[in-house]
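Below you'll find the structure, written out as structure tokens, and then a few comments.
Residue numbers (the numbering used here): 1 to 281.
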């Protein structure tokens, strides 16, 4: 692919960004889905067309729109000039050549699980994000599920998990611990991919009664003096803003002509496989 021209953007004026979009609650009409498919790159359109379930297609679409909205509105790159690529690990990255050194530390990450796609972005440090939904086991009892997962946590961690008053709260605590494990694993992979060892601090946020979000922030340079240094920061983390579809596309410029076949493909899919119960007891 030819090298993209450098974009002169001036000084980056950006705070921490935390966004969430409920793709589970999104029931796109024909106009909205066809518009969304025009707003992403051809290879991503093709990838989304391959999903078996419409829920997965909506989740993937939400992630791409969150990223493009971020770059268009915070870096001031016109939507239709944004070019995203994926690393060897599948992480989306901005391929545009940014000319200003003030953008060299800009970082973003997206994740989706349960009902939400979430995005975190920072102007001056590396960032990672994961989301976890508390849900009842697909089959079997909660004690049986915990027995299967016994080796995943220490005795002390299990003591904390099972000290909750009922099975739903125990599952909720289990998923909080599991989210920590997932985030630690993901950031270890980021460390191994990096040029030098990095330290991380974590934010934990609840989007609602069922969804936990963990954000990992690199501790480097000025960051260490501005944030708590404990593994989970004691500083109140930035609040997540819940966006609507119209928020997602407010600054959008189509990349392609409308393709009516995309709607037929979307309508032919089942929403999701048999769902797990996720209602608190």
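The beta-carbon is built from N, C-alpha and C at its ideal position, and this holds for glycine as well.
- Between residue 242 and residue 59, the C-beta gap is not smaller than 8 angstroms, which leaves the two residues out of contact.
- Only exposed fits residue 87, as fewer than 16 other CB atoms lie within 10 angstroms of its CB.
- Residue environment for residue 212: buried (at least 16 other C-beta atoms within 10 angstroms of its C-beta).
- The three-state reading of DSSP puts residue 109 in strand, counting E and B together.
- No Cβ-Cβ contact shorter than 8 angstroms links residue 72 with residue 84.
- Here the region 124-140 makes no contact with the region 150-163; the two share fewer than three CB pairs at distances below 8 angstroms.
- With contacts defined by Cβ atoms closer than 8 angstroms, residue 74 and residue 121 form a contacting pair.
- In this model, residue 154 and residue 161 are separated by some 11 angstroms (Cα to Cα).
- Contact between residue 263 and residue 34 holds: their C-beta atoms lie close to 6 angstroms from each other, under 8 angstroms.
- Fewer than three beta-carbon pairs drawn from the region 138-146 and the region 103-114 are found closer than 8 angstroms, and the two stretches are therefore not classed as touching.
- Annotation: the continuous alpha helix (DSSP H) that includes residue 37 extends over 30-38.
- DSSP places residue 54 inside the alpha helix (DSSP H), whose first and last residues are 54-74.
- With contacts defined as CB atoms closer than 8 angstroms, residue 239 and residue 18 qualify as a contacting pair.
- Just so you know, the alpha carbons of residue 46 and residue 119 end up roughly 22 angstroms apart.
- Taking the Cβ atoms as the reference, residue 125 lies roughly 18 angstroms from residue 111, outside the contact range of under 8 angstroms.
- A residue is called buried once 16 or more other Cβ atoms fall within 10 Å of its Cβ, and residue 266 is buried on that count.
- The alpha-carbon separation between residue 90 and residue 163 amounts to approximately 38 angstroms.
- Going by beta carbons, residue 79 and residue 252 fall inside the 8 angstroms limit.
- Per DSSP, the continuous beta strand (DSSP E) segment holding residue 202 begins and ends at 199-206.
- The residue from 157, 176, 168 and 201 with its alpha-carbon nearest to that of residue 217 is 201.
- Inter-residue distance for residue 51 and residue 24 is about 15 angstroms (C-alpha atoms, whole angstroms).
- The three-state reading of DSSP puts residue 261 in helix, counting H, G and I together.
- Taking a C-beta distance under 8 angstroms as the contact criterion, residue 203 and residue 177 do not qualify as a contact pair.
- Within the same chain, Cβ atoms closer than 7 angstroms to the Cβ of residue 32 are found at 245, the five residues on either side in sequence being excluded.
- Taking all protein chains shown into account, residue 29 has fewer than 16 neighbouring C-beta atoms within 10 Å of its C-beta and is therefore exposed.
- Taking 8 angstroms as the upper bound for CB-CB distance, residue 117 and residue 66 are in contact here, some 6 angstroms apart.
- For residue 131, the enclosing beta strand (DSSP E) covers residues 127-133.
- With distances taken between CA atoms, residue 92 lies nearest to 41 out of 41, 199, 56 and 272.
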